[in-house]
Amino acid sequence: MVTAGQVLSDPSLFARHFLYILDKDKALVRFRYNRAQRDFMAKRTGRDLVLKARQLGFSTVIQGELFRRTVTGTRTTMTMAHDHESTQKLRRMAVRFWEHCRFGQAQPARKYSNAVLATYPEFDSTSIIATAGSMEVGRGDTYSDFHGSEVAFWPDAERILAGAMQGGSPDTVLESTPN
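Converting from the sequence shown to this note's numbering requires adding 62 to each position, the first position being numbered 1.
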């Protein structure tokens, strides 16, 4: 028998019990890791670079894990995408996770939610999803987790990453299709 503590602390179990995604047919389904996602999560180091093919679900599994971390512990997460459209897709995914997540009958408490920021006051957590187009985005905070999406397509990845990492060395995943 699986305990509540195991579900909250295990990314795959948490996803299966609490997260919903849109499948390829745009149907709302429970999030169950595919083989590539399971392999990636099993081999995470905290300093991960992923050269990926499209549509394997790496951004989805990373966003699911960042959501789990913000609603079960104190975290400040930053996600940066390469363009506005991708940023909005990631933001809609995070909103969908929250809208359908229920611990018993209750959703995780959320205080602020806008186009960039969501806060979860129970754990004093913050989730930021932004576009890497501005050289100053990501500066001025200390992140516990950082997800860079499609980094090969950022305008000046080295400079943007230097700014985002100035507050320390967060658990980091940088992923991209080739460019």
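For each residue, glycine too, the CB sits at the ideal point set by N, CA and C.
Helix, strand or coil for residue i, going by three-state DSSP, please let me know.
{"i": "Ser231", "result": "coil"}
{"i": "Gly195", "result": "coil"}
{"i": "Glu212", "result": "coil"}
{"i": "Ser206", "result": "coil"}
{"i": "Leu81", "result": "coil"}
Can you give me the start and stop residues for the alpha helix (DSSP H) that residue i sits inside?
{"i": "Arg116", "result": "Run containing Arg116: none; DSSP gives neither H nor E here."}
{"i": "Glu272", "result": "Beyond the ends of the chain as shown, which are 63 and 241, falls residue 272; an answer cannot be given."}
{"i": "Val69", "result": "Ala66 to Ser71"}
By Cβ distance, which residues of its chain are closer than 7 Å to residue i, with the 5 residues on each side in sequence left out?
{"i": "Asp145", "result": "Thr193"}
{"i": "Trp216", "result": "His144, Ala194 and Ile222"}
{"i": "Pro240", "result": "Leu113 and Ala214"}
{"i": "Val157", "result": "none"}
{"i": "Thr149", "result": "Ala143, Ile191, Ala192 and Thr193"}
Quick one: what's got a C-beta closer than 8 Å to residue i's C-beta in the same chain, skipping five residues either side?
{"i": "Gln68", "result": "Leu75"}
{"i": "Asp85", "result": "Val91"}
Less than 8 Å between CB atoms is the rule here; does residue i satisfy it with respect to chain D?
{"i": "Gln228", "result": "No chain D appears in this structure, which consists of one protein chain only."}
Report yes if the CB atom of residue i is closer than 8 Å to the CB atom of residue j, and no otherwise.
{"i": "Tyr205", "j": "Val133", "result": "no"}
{"i": "Gly119", "j": "Leu81", "result": "no"}
{"i": "Phe208", "j": "Pro170", "result": "no"}
{"i": "Ser121", "j": "Leu90", "result": "no"}
{"i": "Gly77", "j": "Phe93", "result": "Per the sequence shown, residue 77 should be read as Ala rather than Gly. Yes, they are a contact pair."}
{"i": "Asp203", "j": "Thr138", "result": "yes"}
{"i": "Tyr95", "j": "Val123", "result": "yes"}
{"i": "Phe185", "j": "Gly225", "result": "no"}
{"i": "Phe129", "j": "Phe159", "result": "yes"}
By Cβ distance below 6 Å, which residues in the same chain neighbour residue i in space, the five residues on each side in sequence not counted?
{"i": "Leu179", "result": "Ile190"}
{"i": "Asp110", "result": "Val235"}
{"i": "Ser238", "result": "Glu212, Val213 and Ala214"}
{"i": "Met142", "result": "Ala192, Ala194 and Gly210"}
Taking the continuous beta strand (DSSP E) assigned at residue i, which residues delimit it?
{"i": "Val91", "result": "Leu90 to Arg92"}
Just to check, is the beta-carbon of residue i closer than 7 Å to a non-hydrogen atom of the ligand SAM?
{"i": "Ser211", "result": "This structure lacks the ligand SAM, and indeed carries no ligand of any kind."}
Quick check on the DSSP output: what are the complete alpha helix (DSSP H) runs of length 4 or more inside the region 102 to 178, in order along the chain? Entirely contained in the region 102 to 178, the alpha helix (DSSP H) runs reaching 4 residues are, in chain order, 120 to 134 and 146 to 162.
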